[in-house]
Amino acid sequence: MKNMIDQNLMFLRSAHHYTLEEVAEKIGVSRQAVAKWENGETIPDLYNVMALAELYGVTIDDLVHHDQNKKGYAVPPIGKHIFGNVTVGERGQIVIPKKARDIFDFYPGETLIVLGDEEQGGLALVKSSTFMKIAEEILAMGGISHDCNQNK
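At position 126 of the sequence shown the residue is numbered 126 (the working numbering), and the sequence of numbers has no breaks.
Given below as structure tokens:
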């Protein structure tokens, strides 16, 4: 398995608009150490890999191994996933990728709520039990304030 940490560190620093000095200061190392990691001259020790992963909000595995050229997308933040493409069948059916089903505990017979956002052009699937729990919490807090979305 190829080590991609140098490329990922360079990308993540740029994506977060940090300078070499800022990264160095945030994790307690020299600017030169960060530059050497990004240039592939050296690799950070485990302690610094953990600090970098936390700083950038990514997993250690993704920081070290994610290959943007192979996957076609940048290092994802923790808890965010791209599962690939699905094809909509003639009757609107899709197959949810196995990895997605495993991560979100979707099982055969599971009832899901399908949410849509016309402006964003997308759909979201939520377990109905999760949706109902959130709805109950909102109602227990007195509902949704209509003032929060109005321009002032």
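Heads up, the beta-carbon is just placed ideally off N, CA and C, and yes, glycines get one too.
DSSP-derived helix/strand/coil call for residue i
i    : result
D62  : helix
A74  : coil
K98  : helix
V49  : helix
I5   : helix
K152 : With a pLDDT of only 45 at K152, under 50, the local geometry of the prediction cannot be trusted, and the value read off the model is given with reservation. Reduced to three states, the DSSP call for K152 is coil.
Residue i and residue j closer than 8 Å at C-beta
i    : j    : result
L125 : L139 : no
D67  : M4   : yes
F106 : I94  : no
Rounded straight-line distance, which links the Cα of residue j to that of residue i
i    : j    : result
E38  : K71  : 20 Å
L115 : V86  : 17 Å
G122 : N48  : 38 Å
P76  : H16  : 13 Å
G142 : L20  : 47 Å
E118 : Q7   : 36 Å
D61  : E22  : 23 Å
G79  : K127 : 17 Å
K133 : V34  : 45 Å
G89  : S129 : 26 Å
V58  : H81  : 11 Å
E41  : E136 : 54 Å
Residue i: first and last residue of the uninterrupted alpha helix (DSSP H) it sits in
i    : result
I134 : 128-140
K80  : Premise fails: K80 is in no alpha helix (DSSP H) and is neither H nor E.
Rounded Cβ spacing between residue i and residue j (contact assumed at less than 8 Å)
i    : j   : result
R31  : A24 : 5 Å
L169 : L55 : A query on residue 169 cannot be resolved here, the shown segment of the chain reaching from 1 to 152 and no further.
N-terminal and C-terminal residue of the beta strand (DSSP E) that residue i is part of
i    : result
V34  : Unbroken run through V34 is the alpha helix (DSSP H), 31-39; no beta strand (DSSP E).
I113 : 112-117
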